[in-house]
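Residue numbers (UniProt numbering): 1 to 221.
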């Protein structure tokens with residue numbers, strides 16, 4: 001699990017005040033779901049907008065591949081409309097299936113619909129690479145940007161590396177998130193603090209249709 005602020009608040013409440021909201025929007029707790037749907041202080045640079053763009057790109061890529069694949073039976077004229085109407089593409093408001101894709105869960109609604117026309121091997125061979133690319137882009141375009149911003153925010157709260165490495169220690173100087181320097185309210189810089197890599201592999205499970213995260217070097221703040 002990515003160490004969102006709510007996770008850190010549970011692990012070290014003496015450092016991360018449980019009352020602190022998401023540092024990027026100051027309106028909601030920074031949970032894993034909120035990470036991808038945060039409106040951000042500057043809406044045009046919000047993770048939610050980035051996420052919607054990446055998800056719709058995933059939908060387009062997958063649709064094109066299925067349209068060019070060999071089906072078990074001829075595709076109905078309504079195939080495109082039905083595919084694009086699946087709940088896993090619902091952005092406003094985000095559906096559970098939509099958010100599940102960020103956790104590596106492949107919705108049964110998607111595989112069930114595709115299973116009407118394609119074999120499991122064809123479905124999997126088509127979804128594999130686009131899903132891998134989707135999760136990598138989420139990491140690069142959202143998580144790394146949030147991570148850079150988060151470290152600036154920690155400094156503004158008086159949180160030091162020494163405090164984070166200790167199991168028990170003094171609490172930071174409590175400062176409202178709104179007191180962060182205006183320099184920190186600019187769009188996140190897309191740079192990596194660590195040269196992390198992501199290794200993803202996917203396992204097909206007919207009943208639950210879950211992608212299993214077997215990666216190492218999981219990202220950390």
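Even for Gly, the Cβ is constructed at its ideal location relative to N, Cα and C.
Item	Value
Backbone CA spacing between residue 28 and residue 8 [nearest angstrom]	15 angstroms
Distance between residue 120 and residue 148 (C-alpha atoms, nearest Å)	40 angstroms
Rounded C-alpha distance that separates residue 185 from residue 42	Confidence at residue 185 is low in this model, with a pLDDT of 34, below 50, so its placement is unreliable and no value can be given for it.
Cβ shell of residue 38 (< 7 angstroms), same chain only, five flanking positions each side left out	22, 24, 25, 46, 47 and 48
Spatial neighbours of residue 71 in its chain, beta-carbon cut-off 7 angstroms, leaving aside the 5 residues before and after	117 and 118
Same chain, Cβ closer than 7 angstroms to residue 73, neighbours up to 5 away in sequence not counted	117
Length at least 4, wholly inside the region 132 to 160: the alpha helix (DSSP H) runs in chain order	144 to 156
Helix, strand or coil at residue 86 [DSSP, three-state]	coil
Nonlocal neighbours in the same chain, by C-beta distance under 6 angstroms from residue 141, ignoring five residues either side	50
Spatial distance of residue 68 from residue 125 (CA atoms)	13 angstroms
Reference residue 127; option with closest CA among 110, 11 and 139	110
Close beta carbons around residue 4, own chain, < 7 angstroms, minus the five adjacent residues each side	30, 31, 32 and 35
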